[in-house]
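Counting from 1, one number per residue, gives the positions in the sequence shown under the numbering used here.
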Amino acid sequence: MDRQTVYAGQILPETTLLQMTKDSMIGLGKLAATIFGNGPIVNGLAVTPTNPTSLQVNVGAGEIYSLQAVDGSAFSTLPADSHQIIKQGILLDAIQLTLTGPGTSGQSIAYLIQATYQDQDANPAVLPYYNSANPNQALSGPGNNGQSQNTVRKGVVVVQAKAGVASASPTPPAPDSGFVGLYVVTVSYGQAQITAANIQQYAGAPLIPNVGLLQAIQSGSLSFAMDVGSTNNYVVNLTPAQTIRQEGDVIRFKAKTTNNGASTLNDGIGAVPLVGGAHQPLQGGEVIANGDAWVQWNSSVGANGSYILLECTGG
């Protein structure tokens, strides 16, 4: 990580101070990339009902880590910098989002709670400037123009609720460009309160487990999920969501149903064959309801790769 060098008695230009903050941001961004990859990934921002319940939801404090340009525009007198680093967008205080139900009986709306990173130049003020003609009287603004200037460049996380189409069987909309989906909140016609039962984690949410990263690694929860599929069609939603398969990846899941024939596993990327140790389709009874199944990705089995069932308890 770069560090700016200054000397006793040196007249310090503003670019040195600006570069110090930029160097710190770059160093933290590279450290974040080492831990999280290129993101985006989200910590916190839990969506919960209000207390008392209402047609609003709370979005808790948290942050997003996202690949962004160092500076998309000039940072005071430093020019824009298009190098890509992981930047941290922070929400220090919880916010509330207001949702409304549809206007037709029998219908519901699925709202996607989505988030994105954003740079914001903020906190404008009229700043004092050195007056060479009269050093005892500062100028108000550059050239004594009296105009305010932004005094901070914030890295923030912007959270929005995006409404889906009202329907008897609503589905959440896809995240907008640059956003990631976090939660889905379903509101029905005539509903006056949103409860925890109306809030579900979005299937592709890149969320760090709420126990924290180290605890999640220790417990193995990063590669474990509950099966939410149906017979022969197993579905797991890992936290954070899986975005790429790598040779030898192991997933553990608690099966909801016993298979009765050839099966598939959807790991969040898509459904692929789930085969036995001999690389042949399952026949039935290999995966047991409420059993703990261990599977491993093998890209050479099947047309485009398969998960191999290593074992399942209960059989």
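Where is the CB? At the ideal position from N, CA and C, for every residue including glycine. From a predicted model like this one, the values you see are computed outputs, not experimental measurements.
Contacts around Asp249, its chain only, beta-carbon distance under 6 Å, and the 5 residues preceding and following it disregarded: Here the set comprises Trp297.
At what residue ranges does the segment 17-79 contain a whole run of the alpha helix (DSSP H), taking only runs of 4 or more? Those alpha helix (DSSP H) runs which fall completely within the segment 17-79 and span 4+ residues do not exist here.
When you compare only the Cα positions, how much space is there between Gly305 and Val236? Taking the Cα positions, Gly305 is about 18 Å away from Val236.
Per DSSP, what kind of secondary structure is Ile217 in: helix, strand or coil? It is helical.
Give, in chain order, every unbroken run of the alpha helix (DSSP H) that is at least 4 residues long and sits entirely within the segment 181-245. Counting only runs of 4+ residues, the alpha helix (DSSP H) found wholly inside the segment 181-245 occupies 213-219, in chain order.
Closest Cα partner of Leu182 within the set Leu310, Ile64 and Thr98: Distance check between Leu182 and each of Leu310, Ile64 and Thr98 places Ile64 closest, using alpha-carbon atoms only.
As a quick exercise: from Tyr7, Ala303 and Gly164, pick the residue whose alpha carbon is nearest that of Ile109. For the residues Tyr7, Ala303 and Gly164, the minimum Cα distance to Ile109 belongs to Gly164.
Spatially closest choice to Gln147 from Ile308, Leu127, Gln137 and Pro40, by CA coordinates: Nearest in C-alpha terms to Gln147, of all of Ile308, Leu127, Gln137 and Pro40, is Leu127.
How far does the beta strand (DSSP E) with Gly155 in it extend, from its first residue to its last? Secondary structure note for Gly155: its beta strand (DSSP E) is the uninterrupted segment Val152 to Ala163.
Would you decide whether Tyr307 is buried or exposed? Buried here means 16 or more other CB atoms lie within 10 Å of its CB. Its Cβ being crowded by 16 or more others within 10 Å, Tyr307 is buried.
On the criterion of 16 or more Cβ atoms from any shown chain inside 10 Å, does Glu286 qualify as buried, or is it exposed? A buried status is given to Glu286, since no fewer than 16 other beta-carbon atoms sit within 10 Å of its beta-carbon.
Going by beta carbon distance, what residues of the same chain come within less than 6 Å of Val156, once the five residues before and after it are set aside? Hits under 6 Å: Gly89, Gln118 and Gln120.
Does the separation of the CB atoms of Ile95 and Gly29 fall below 8 Å? With respect to the 8 Å criterion, Ile95 and Gly29 are not classified as neighbours on the basis of their beta carbons.
Secondary structure of Thr15, DSSP reduced to three states: The answer is helix: DSSP assigns Thr15 an H, G or I state.
Run through DSSP, which three-state label would Pro124 get? Pro124 falls in the coil class under three-state DSSP.
Would you mind giving the Cβ-Cβ distance between Leu18 and Ser76, rounded to the nearest angstrom? I have them listed as a contact below 8 Å. Taking the Cβ atoms as the reference, Leu18 lies roughly 5 Å from Ser76, within the contact range of under 8 Å.
Is the beta carbon of Thr231 closer than 8 Å to that of Thr257? Yes; because the gap between Cβ atoms is below 8 Å, this pair is in contact.
Given that a residue counts as buried once 16 or more other Cβ atoms are within 10 Å of its Cβ, and exposed if not, what is Gly72? So Gly72 counts as exposed.
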